[in-house]
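Colleague: Numbering of the sequence shown is given in our numbering, commencing with residue 321 and proceeding in unit increments.
From the three backbone atoms N, C-alpha and C, an ideal C-beta is built for every residue, glycine too.
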Amino acid sequence: MEEDFKDVEVAKSLAQWYFTLHENGTSVSELDTLYFEYDSITEENLKILIQKFPEANELFQYVLTRYDRLHELIYKPSFTLTYNDFHWANFVVRKDKKAAMMFDFNLMGKGYRFSDFRNVYWFISKEAKTAFDDEYRRLYEKSMDISALKKSD
């Protein structure tokens, strides 16, 4: 329900769901074949934009002259599975608020963890954002500690 966007406990549960998705999503064998929101940034599409928005010609020419570097930077970070469709109508919360999950996976693809954060943060309250961020960070740091322990064995 839309009220869940203000609930700190729900935000923590959503962070747990997203963290699990992102952690497991790095090893999806078909990841490179999935939708990526930045795949549409191509030289051809930038040239089309010049035709549609001639007043922005100088900007698009600037981007085109630096396209190779831009492309390199877009594809440099590691990718994971991303949900890409956060909305209150797409998630369920257990009655005790200890678990939540998203459904309606038609826009799932590859991307950056941040892309999902951006989509979630767009809708939830300030307090819920803080709770989501704190919980995700806690889980991430815990996973880094465990990884470090495994490497030292």
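What does a CB cutoff of less than 8 Å around Y387 pick up in its chain, not counting 5 residues either side in sequence?
Modeller: Within its own chain, the residues whose Cβ lies closer than 8 Å to the Cβ of Y387, once the five positions on either side in sequence are excluded, are E363 and L366, listed in chain order.
Colleague: Let me know if K446 comes out buried or exposed under the rule of 16 or more other beta-carbons within 10 Å of its beta-carbon.
Modeller: exposed
Colleague: Taking the alpha-carbon positions, what's the F406 to Q371 distance?
Modeller: Near 33 Å, if we compare the C-alpha coordinates of Q371 and F406.
Colleague: Taking buried to mean at least 16 other C-beta atoms within 10 Å of its own C-beta, is S349 buried or exposed?
Modeller: Exposed.
Colleague: On the criterion of 16 or more Cβ atoms from any shown chain inside 10 Å, does T400 qualify as buried, or is it exposed?
Modeller: buried
Colleague: Label L379 either buried or exposed according to how many other C-beta atoms from any shown protein chain fall within 10 Å of its C-beta, with 16 as the threshold for buried.
Modeller: exposed
Colleague: So D324 packs on W408, CB below 8 Å; how close in whole Å?
Modeller: 6 Å
Colleague: With C-beta atoms as the reference, is M421 less than 8 Å away from Y403?
Modeller: No, the Cβ-Cβ distance between M421 and Y403 is not below 8 Å.
Colleague: For A451 versus V328, is the C-beta distance shorter than 8 Å?
Modeller: yes
Colleague: Are F356 and K417 touching if we call contact CB-CB under 8 Å?
Modeller: Against a cut-off of 8 Å, the Cβ pair of K417 and F356 comes out as no contact.
Colleague: Under DSSP, the alpha helix (DSSP H) around V412 begins and ends at which residues?
Modeller: Here V412 belongs to no alpha helix (DSSP H); instead the beta strand (DSSP E) covers F411 to V413.
Colleague: For Y456, which residues from the same chain have a beta carbon less than 7 Å from its beta carbon, with the 5 sequence-adjacent residues on both sides left out?
Modeller: Once the five neighbours on either side are set aside, the close Cβ partners of Y456 are A335, Y338 and F339.
Colleague: Please determine, among P374, S398, L390 and K326, the residue with the shortest C-alpha to C-alpha distance to S435.
Modeller: S398
Colleague: In the region 346-388, which residue ranges form an unbroken alpha helix (DSSP H) of at least 4 residues, counting only runs that do not cross its ends?
Modeller: You should have 363-372 and 377-385.
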